[in-house]
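Presented below is the structure to which this report refers.
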Amino acid sequence: MTSITLVRGDITQQFVDAVVNAANSSLLGGGGVDGAIHRRGGPEILQECRRLRASHYGKGLPTGRAVATTAGLLDARWVIHTVGPVWSATEDRSDLLASCYRESLRVADELGAATVAFPAISTGVYRWPMDDAARIAVETVRGTPTAVEEVRFVLFDDAAYETFARRLD
Ligand code: AR6
């Protein structure tokens, strides 16, 4: 049975087996969570991302997929990079967002990670409305069979935390 926990805070400060990164398909870093993870995790993470690009993802990691690297200097063993969809008002991309959670958990299971921290994928630069993103995150984690023991949603501000807390009830 997977327990779902909520924390208000910075995902780069979590003691967990795996930290999920809201990356982009280039895998070469960016702002938001991605920037924070690379800053605090150090250059080893980017080095491994570059190697992954060269060996497997020359065209980029597709949206909804996930891949693991070292966690560098973070208090974690792995970073699982996933690419969320950009919010669209005209096209339903919910399944791609759900896929980020499913695929990240699948990778976590392959690694043998027991504790996994997720940010609210796609809710920053990619503009997904927080309430809908929280619904998809919670429903997908609840509906995905996994050996992960704790899924921790790490929310950056009070509003995001409250939104996830309501969805978890
Ligand atoms: N810890 C936890 N949550 C955070 C942190 C942090 N340190 N920093 C921001 N958030 P975003 P996206 C929250 O933009 O929307 C990057 O440039 C933030 O408030 O990081 O999936 C990538 O390279 C928001 O609620 O990810 C991509 O190009 C949530 O994390 C693009 O942004 C996600 O915001 C991905 O956009």
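Just so we're aligned: the sequence shown equals residues 1 to 169 in the UniProt record's numbering. Beta carbons: idealized from backbone N, C-alpha and C, even for Gly.
For residue i, name the three-state secondary structure that DSSP assigns.
i	result
Leu74	coil
Arg39	helix
Arg65	coil
Ile80	strand
Glu44	helix
Ala114	coil
Phe164	helix
Ala159	helix
Val19	strand
Do residue i and residue j have their C-beta atoms closer together than 7 Å?
i	j	result
Val7	Phe118	no
Thr123	Ala137	no
residue 217	Val79	Because the chain in this structure spans residues 1 to 169, residue 217 falls outside the shown range and cannot be described.
Asp17	Thr115	yes
residue 170	Glu48	In this structure the chain extends from 1 to 169, so residue 170 is not present and cannot be described.
Counting C-beta neighbours from all protein chains within 10 Å, is the total for residue i 16 or more, i.e. buried, or is it exposed?
i	result
Met1	exposed
Gly64	buried
Phe15	exposed
Asp34	buried
Gly84	buried
Ser104	buried
When you measure from the CB of residue i to every non-hydrogen atom of ligand 1, does any distance come out below 6 Å?
i	result
Val154	yes
Val79	no
Tyr126	yes
residue 173	Residue 173 is absent from the model: the chain starts at 1 and stops at 169.
Gly31	yes
How would you write the range of the alpha helix (DSSP H) that residue i sits in, first residue to last?
i	result
Arg152	Element bounds for Arg152: not the alpha helix (DSSP H) but the beta strand (DSSP E), Glu150 to Leu155.
Ile4	No alpha helix (DSSP H) holds Ile4; the beta strand (DSSP E) holding it covers Ser3 to Arg8.
Val141	Met130 to Gly143
If we define contact as Cβ-Cβ less than 7 Å, is residue i a contact residue for chain D?
i	result
Val125	The structure shown contains no chain D, having only a single protein chain.
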